[in-house]
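Take the sequence shown: its letters are residues 22 to 304, numbered as in our numbering.
Working notes, beginning with the structure itself.
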Amino acid sequence: MSQDIHRVCVCGAGTMGAGIAQTLATAGYSTLVYDVHPAGLERASQQIRQQLQTAVSKGKLHSDTAEKILQRIEFTDDLQACLADLFIEAIVERMEDKVALFNQLAELNHSESIFATNTSSLSVSQLAEQVQNPARVIGLHFFNPAHLMKLVEVITTDRTDPTVFDVAWTLIASIGKTPVRCQDTPGFIVNRVARPYYLEAMRLVEAGDISPEQVDRILESAGFKLGPFKLTDLIGQDINLAVSRSVYEQLGRPERLKPSPLQEQLVRDGKLGRKTGEGFYRY
Ligand SMILES: NC(=O)c1ccc[n+]([C@@H]2O[C@H](COP(=O)([O-])OP(=O)(O)OC[C@H]3O[C@@H](n4cnc5c(N)ncnc54)[C@H](O)[C@@H]3O)[C@@H](O)[C@H]2O)c1
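Spelled out as structure tokens, the structure:
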């Protein structure tokens with residue numbers, strides 16, 4: 022475990038927050054999960070419990086260990102209770118919300134606390150510039166599902182304190198993940214490269230020649246683990262669209278990365294994927 026980090030607070034108990042919290046607690050860290058919506062906290066708590074129970078029933082985890090992991094996680098909707106050495110925010114993909122949250126947390130916490138963002142596409146440098154202590158800001162981009170996926174992109178800015186990088190890197194390694202250092206460019210590495218995978222697939226379906234199910238089946242039979250439609254349903258259509266828009270804007274609106282009207286319609290209809298029970302598929 023990291024010598025510098027005793028308590029971590031994960032902000033946002035959605036798709037990513039729950040998995041990140043589970044990973045941290047499994048690695049032995051005292052973990053607080055904060056969300057503005059109590060229902061989100063309840064869902065995250067149930068999801069973590071369920072994941073651990075599955076691991077126990079498969080014989081991968083002892084039930085006593087699962088209980089200890091659960092005991093390390095607390096949940097709160099009270100911002101004042103958010104005191105920690107490291108914050109990992111996984112809230113909505115909107116710059117102003119992330120800035121506001123980090124500034125509120127900075128008021129409550131000691132000057133050595135680290136503020137990590139799990140943003141998929143927003144500029145970590147721009148975020149850092151707008152918060153109290155830019156040197157304490159870093160990007161820690163986990164992948165979905167966070168309790169299983171090994172890769173974490175670590176994004177520094179010109180102002181990130183090298184000690185903050187060292188502590189964050191050590192922490193990521195200590196939770197069994199594989200850190201990779203990235204430049205603060207739109208979409209970093211994985212989301213930048215993956216953008217055409219989603220967008221081209223949506224364009225094919227928009228053209229009316231093929232269905233999402235057919236595209237997924239064909240891509241999966243070609244060796245991709247998940248077809249683009251199943252994958253965006255897992256990610257969340259709102260999040261995937263926000264990332265597409267952000268990368269598109271930051272790269273100067275290239276035609277090839279124009280967000281998909283089909284996906285925009287899904288988001289308007291509240292069909293966000295697995296988390297709402299319907300996206301390109303029904304769950
Ligand atoms: N979904 C993915 O596959 C994925 C992968 C990597 C990174 N990310 C990034 O992680 C972040 C979260 O994505 P997600 O898919 O978990 O979103 P989500 O919609 O599943 O969950 C977001 C949660 O944040 C809460 N929230 C919103 N504003 C808040 C605030 N001000 N304070 C506290 N809680 C707040 C919401 O109530 C919700 O529970 C985004 O920045 C996204 O780009 C997502």
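Ideal Cβ placement from N, Cα and C applies to all residues, glycine included.
Since this is a predicted model, take the numbers as computed values, not measurements.
For residue i, I'd like the list of residues in its chain whose CB is within less than 8 Å of its CB, leaving aside the five on either flank, ordered along the chain.
| i | result |
| --- | --- |
| Leu100 | Tyr55, Gln125, Leu126 and Leu129 |
| Leu278 | Arg216, Pro217, Leu220, Ser265, Val268, Tyr269 and Leu272 |
With 16 other CB atoms within 10 Å as the buried threshold, where does residue i fall?
| i | result |
| --- | --- |
| Gln258 | buried |
| Ser23 | buried |
| Pro233 | buried |
| Asp187 | exposed |
| Tyr304 | exposed |
| Ser265 | buried |
| Gly40 | buried |
| Ser267 | buried |
| His83 | exposed |
| Gly160 | buried |
| Ile176 | buried |
In the DSSP output, what is residue i paired with across the bridge?
| i | result |
| --- | --- |
| Ser51 | Arg28 |
| Ala137 | Ile109 and Ile159 |
| Arg303 | Glu299 |
| Val201 | Glu174 |
Report the three-state DSSP secondary structure of residue i (helix, strand or coil).
| i | result |
| --- | --- |
| Glu95 | strand |
| Leu126 | helix |
| Ile176 | strand |
| Gly80 | coil |
| Gly291 | coil |
| Gly229 | coil |
| Met22 | coil |
| Val268 | helix |
| Gly305 | Within the shown structure, residues of the chain are numbered from 22 to 304, placing residue 305 beyond reach of any answer. |
| Gln151 | coil |
| Leu252 | helix |
Starting from the C-beta of residue i, find all residues in its chain whose C-beta is less than 6 Å away, skip the five residues before and the five after it, and write them out in chain order.
| i | result |
| --- | --- |
| Thr178 | Val145, Ser146, Ala149 and Asp205 |
| Tyr50 | Val29 |
| Ala34 | Val54, Asp56, Gly61, Leu62 and Ala65 |
| Thr199 | Lys171 and Leu172 |
| His58 | none |
Suppose the cutoff is 7 Å on Cβ atoms and the five residues either side in sequence are ignored; what does the same chain contact list for residue i look like?
| i | result |
| --- | --- |
| Asp118 | Ile112 |
| Leu240 | Gly248 and Pro249 |
| Gly197 | Ala48 |
| Leu283 | Met223, Val226 and Glu227 |
| Glu285 | Leu262 |
Quick one, which of the options has its alpha-carbon nearest residue i's?
| i | options | result |
| --- | --- | --- |
| Phe108 | Glu285, Gly40 and Ala137 | Ala137 |
| Asp182 | Val236, Gly49 and Ser134 | Ser134 |
| Thr75 | Asp98, Ala87 and Arg64 | Ala87 |
| Glu110 | Thr191, Leu262, Val211 and Cys32 | Cys32 |
| Lys292 | Gln271, Leu255, Lys279 and Thr97 | Leu255 |
| Phe301 | Gly273, Gln271, Val236 and Tyr269 | Val236 |
| Ala102 | Val214, Thr52, His83 and Phe163 | Thr52 |
| Arg295 | Ile26, Asp25, Thr36 and His27 | Thr36 |
| Val185 | Gln68, Ala156 and Ile69 | Ala156 |
| His131 | Leu192, Leu143 and Ala105 | Ala105 |
| Arg93 | Gly80, Gln72, Gln43 and Ala121 | Gln43 |
Taking 8 Å as the CB-CB limit, is residue i close to chain B?
| i | result |
| --- | --- |
| Lys246 | In the structure shown, chain B cannot be found, because there is only a single protein chain. |
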